[in-house]
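First residue of the sequence shown: 767, per our numbering; consecutive thereafter.
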Amino acid sequence: MKSAVILFPGINRENDAIAALEQATGTKPTVVWHGETELPKTDIIMVPGGFSYGDYLRCGAMAAKSPIMRAVAERAKAGVTILGVCNGFQILTEAGLLPGALMRNASLKFICKNTRLKIENTNTRFTNQYKTGEVVDYPVAHHDGNFFADRETLDRLEGEGRVVLRYCDANGVVDPATNLNGSQRNIAGIINEAGNVLGMMPHPENAIDPLHGGTDGRNLFKSLVEAAS
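1) What residue range does the beta strand (DSSP E) around Ser769 cover?
2) Just to confirm the assignment, what range does the beta strand (DSSP E) spanning Arg932 have?
3) Between the C-alpha atoms of Ile772 and Glu802, what's the straight-line distance to the nearest angstrom?
4) Suppose you measure from the CA of Gly826 to the CA of Thr890; what does that come to, to the nearest Å?
5) Could you have a look at Met828 and say whether DSSP puts it in helix, strand or coil?
6) Tell me which residue opens and which closes the alpha helix (DSSP H) that Asp782 is part of.
7) Please list, in chain order, all residues of the same chain as Glu860 whose beta carbon is under 6 Å from its beta carbon, the five residues on each side excluded.
8) From Phe817 to Asn871, what distance separates their C-alpha atoms?
9) By Cβ distance, which residues of its chain are closer than 6 Å to Met835, with the 5 residues on each side in sequence left out?
10) Rounded to the nearest angstrom, what separates Asn887 and Gln950 at their Cα positions?
11) Can you check whether the CB of Ala783 is closer than 8 Å to the CB of Pro814?
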């Protein structure tokens, strides 16, 4: 099984992404520089976190215009599995591959800690190894993770089962008190209409090793492999 990690100037989670994909697939991913115009044949593409272009202008806005994103968009249209984490989520929204936008956290502060997430939909390529309603623990590290969309878009995401992850407490309760960044409806991750593109703010790639505090992220990468097999 082949995978690829897209590398932009300022991205800093590419090695974490590589480690997670290699652990899950048994093969080291190909790293593709943002200035390239073509992608190798691959089953999974990951757009990792960090601060592409130093978050100037708007998080992900400049990276979304990089040459490689045309190829990523083509692969998305062809049904290839694409995962965008943190800055990767921001890039996917800016590129129009996912709806909505990621704004400044409601607190206007950078948030770096672990958070609980509720798995809302297990009928996806990304969550088929979890149980519906399962609560997982992932790290977050972002300043602009406040997901926003208009009501019509939010209702459509809800109605189509495209909200995959929500911020919650240890018991799976979703309410304003568990919303760490102000995201509308506690949304932490969504998929596109076709179901092959997921954007999420928390970092599953940093939850695969017990030495790093937990392994709740492993099943996300196992889900990718299961779906691609």
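The beta carbon of each residue, even a glycine, is placed where N, CA and C say it ideally should be.
Quick answer:
1) Position 3 of the sequence shown, counted from the start, is the residue given in the question as residue 769. Looking at the DSSP string, the run of the beta strand (DSSP E) that includes Ser769 is 769-773.
2) Counting from one through the sequence shown, the residue named residue 932 turns up at place 166. It spans 929-934 - the beta strand (DSSP E) in which Arg932 sits, taken as one unbroken run.
3) The count along the sequence shown starts at 1 and reaches residue 772 at position 6. The count along the sequence shown starts at 1 and reaches residue 802 at position 36. Roughly 10 Å between the two C-alpha positions.
4) Within the sequence shown, the letter at position 60 stands for residue 826. Within the sequence shown, the letter at position 124 stands for residue 890. Those two C-alpha atoms are separated by around 25 Å.
5) As a position in the sequence shown, residue 828 is number 62, starting the count at 1. Three-state result, Met828: coil.
6) Indexing the sequence shown from 1 puts residue 782 at position 16. Asp782 -> alpha helix (DSSP H) spans 780-791.
7) On the sequence shown, residue 860 is found 94 positions in, with the first residue counted as 1. Gly826, Ala827, Ala830.
8) What you label residue 817 is simply residue 51 of the sequence shown in a count that begins at 1. What you label residue 871 is simply residue 105 of the sequence shown in a count that begins at 1. Cα-Cα distance, rounded: 15 Å.
9) For the purposes of this step, residue 835 is taken as the residue at position 69 of the sequence shown. Ala861, listed in sequence order.
10) Here residue 887 corresponds to residue number 121 of the sequence shown, with the count starting at 1. Here residue 950 corresponds to residue number 184 of the sequence shown, with the count starting at 1. Roughly 18 Å separates the two Cα atoms.
11) If you number the sequence shown from 1, residue 814 lands on position 48. If you number the sequence shown from 1, residue 783 lands on position 17. Yes, the pair counts as a contact, with Cβ atoms nearer than the cut-off.
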